[in-house]
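Chains as they are written, first to last, in my numbering: chain A, 1376 to 1665; chain B, 1376 to 1665.
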């Protein structure tokens, strides 16, 4: 798979991935009305950044796209489902996502909650398509831990609203909320390549990428517009969210994020995932600017 | 494990199961405030009927409790998490569950939603404790399908509110919403005993038990009191829920449920799960009366 320089107007993932992702999202025998709900948020686009990381690391390891497509679909389903819950009035209360009305604004809160639940479960289901039994069992263990970490990060994010957690706690929350999935994107292709000894290290690198990503996001929330973000800016402040900007200035936050990102990139290079490291270097320009 | 006649005042599951269940619910490194949220709904008691089915079928197959405890914990976590989402204002809007305030009434909706998400993921995590790799991979596939069916049943339940689905669609919704987990309770111990050829049949039997269970529940919702139910009665009617009572009288519904239950019991006997069949016969007296 190619990961070209101009990341704005190209697909980062194989062309067939979108239809595979929809196949993964929709359970057997789902009626039409249910299919519509399950694919609504996925259809809003999104960069497919996480699947792109999976395909890129796989390529670094000499695995082909076919071998890791269930991993790529699982991370995107988990991510999308978590966004649906995130946007709910009782959590981030965001009416827009990726420039479209949020799922609960279209179908109501109850349906949005359960739609996301089904997408969570379908994320687990698609992992069954991994053929090698040992790899499948390993990936399930890793993926369930990843999902739990994501949930713990989300819960901490809510719990910290209006409170004064330490900077360290906020970074730990970012690591779980955003970094856990990245860790799986890095680690799962290694596991599929029977290199399970690096899983702990890749999880750590993913965590650091997640922290960087989340800090850039905090900055965008302050500096961005609805058009550039695809969602409402200034939400963190209005929700009394605990972000790193409670403790550090925007330039210092940017510097902190750059350091976390740099650490993740160097770590990937050290593990021989050079294409992915280069991909992240190119992507980082967008992450930082947008 | 003994499943004595007087089911009201005895434990159906091994004594150590409660602490194992809590261990399964709580992720590593969870802070105290998070542990409290994650165990709140589990601490409200509940009959542990689903784990009891798992232990009973396992016993029928000559497996010991230790071998199937991850399965028993997984079904209870999945069930409890689904109840937390069920009780939310935008779904069933139930302030009470098992006689205690519902999770969202204590911690707020946002925390309740994500707490249940974590419990869903922990249900998957505990399956990792199954030692045999092939069994583990099989159980993961079965469990993710089960969870998806549960979600599909929930979503259909919401979608049908105030509408007029056919009686057949309502029964299918019951099969998914309530029967899918029972099917896994029956099928998973067979899978653990390397008897995977009966999984389809046990899923069907579980589906029928679920339909029976749900119809008895519909009847209780009409005839019960808050004291006997531990939750608010008359909710189905006030929510314009689509229940079988839209189509059949209470005595006819009771007869219908008895037939589904009888089918499930006979099927278990035919598969040699006689202790479980007897267990269900004894339990059915409570199911019908309460």
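Virtual Cβ for every residue (Gly too), placed ideally from N, Cα, C.
1) Considering only C-alpha positions, which residue in the set B/1557, B/1571, B/1488, B/1561 is nearest to residue 1588 of chain B?
2) Does residue 1524 of chain B pass the burial test, meaning 16 or more other C-beta atoms within 10 Å, or should it be called exposed?
3) Taking the straight line between their C-alpha atoms, what separation do you get for residue 1565 of chain A and residue 1467 of chain B?
4) Please name the residue in B/1532, B/1608, B/1634 whose C-alpha comes closest to that of residue 1584 of chain B.
5) If distances are taken between C-alpha atoms only, which option among A/1612, A/1594, A/1614 comes closest to residue 1663 of chain A?
6) What does the Cβ neighbour count give for residue 1513 of chain A, buried or exposed, with the cut at 16 atoms within 10 Å?
7) Looking at residue 1516 of chain B and residue 1503 of chain A, is the spacing between their C-beta atoms short of 8 angstroms?
8) Please report the distance separating the alpha-carbon of residue 1389 of chain B from that of residue 1440 of chain B.
9) Please list the partners that residue 1511 of chain B has in chain A, where partner means a Cβ-to-Cβ separation under 7 angstroms.
10) Compare the C-alpha of residue 1608 of chain B against each of B/1592, B/1617, B/1637 and name the closest.
11) Taking Cβ-Cβ distances below 7 angstroms as the criterion, which residues of the segment 1628-1651 of chain A are in contact with chain B?
12) What is the rounded straight-line gap between the Cα of residue 1654 of chain B and the Cα of residue 1403 of chain A?
13) If you draw a straight line from the C-alpha of residue 1446 of chain B to the C-alpha of residue 1636 of chain B, how long is it?
14) Buried or exposed: which applies to residue 1628 of chain A, given that a residue is buried once 16 or more other Cβ atoms fall within 10 Å of its Cβ?
15) Against chain B, does residue 1416 of chain A count as a neighbour if the rule is that its beta carbon must be under 8 angstroms from one of theirs?
16) Helix, strand or coil: how does DSSP classify residue 1475 of chain A here?
17) Of the choices B/1573, B/1553, B/1562, B/1545, whose alpha-carbon is the least far from that of residue 1620 of chain B?
18) Please check if any C-beta of chain A sits within less than 8 angstroms of the C-beta of residue 1397 of chain B.
19) Beta-carbon within less than 6 angstroms of residue 1528 of chain A's beta-carbon, same chain only, minus the 5 sequence neighbours each way: which residues are those?
20) Return helix, strand or coil for residue 1612 of chain B, following the three-state DSSP convention.
21) Whose Cβ in chain A lies nearer than 7 angstroms to the Cβ of residue 1477 of chain B?
22) Between the alpha carbons of residue 1423 of chain A and residue 1554 of chain A, how many angstroms are there, rounded?
23) Identify whether residue 1404 of chain B lies in helix, strand or coil by the three-state DSSP scheme.
24) Quick check: the Cα distance between residue 1475 of chain B and residue 1580 of chain B, rounded to an integer number of angstroms?
Put simply:
1) It is B/1557 whose Cα lies nearest to the Cα of residue 1588 of chain B.
2) Residue 1524 of chain B is classed as buried because its beta carbon has at least 16 other beta carbons within 10 Å across all chains shown.
3) Whole-angstrom Cα-Cα distance: 43 angstroms.
4) Checking every option, the nearest Cα to that of residue 1584 of chain B belongs to B/1634.
5) Looking at the Cα atoms, A/1594 is the closest of the given residues.
6) Looking at its Cβ environment, which holds 16 or more other Cβ atoms inside 10 Å, residue 1513 of chain A is buried.
7) Yes, the pair counts as a contact, with Cβ atoms nearer than the cut-off.
8) Answer to the nearest angstrom: the Cα atoms are 8 angstroms apart.
9) From the beta-carbon of residue 1511 of chain B, the residues of chain A found nearer than 7 angstroms are 1512.
10) Nearest of B/1592, B/1617, B/1637 to residue 1608 of chain B, Cα basis: B/1592.
11) Result list empty, no residue passes.
12) Computed Cα separation, rounded: 33 angstroms.
13) If you draw a straight line from the Cα of residue 1446 of chain B to the Cα of residue 1636 of chain B, it comes to about 23 angstroms.
14) Buried, since its Cβ has 16 or more Cβ neighbours within 10 Å.
15) Not an interface residue.
16) Secondary structure of residue 1475 of chain A (DSSP, three-state): strand.
17) Nearest of B/1573, B/1553, B/1562, B/1545 to residue 1620 of chain B, Cα basis: B/1545.
18) Cβ-Cβ to chain A under 8 angstroms: no for residue 1397 of chain B.
19) Excluding positions up to five away in sequence, the list reads 1548, 1551, 1552.
20) It is helical.
21) Close to residue 1477 of chain B, with beta-carbon spacing below 7 angstroms, lies no residue of chain A; the smallest spacing is near 14 angstroms.
22) Each residue's alpha carbon lies about 16 angstroms from the other.
23) DSSP places residue 1404 of chain B in coil when its eight states are reduced to three.
24) Residue 1475 of chain B and residue 1580 of chain B: Cα-Cα distance of roughly 32 angstroms.
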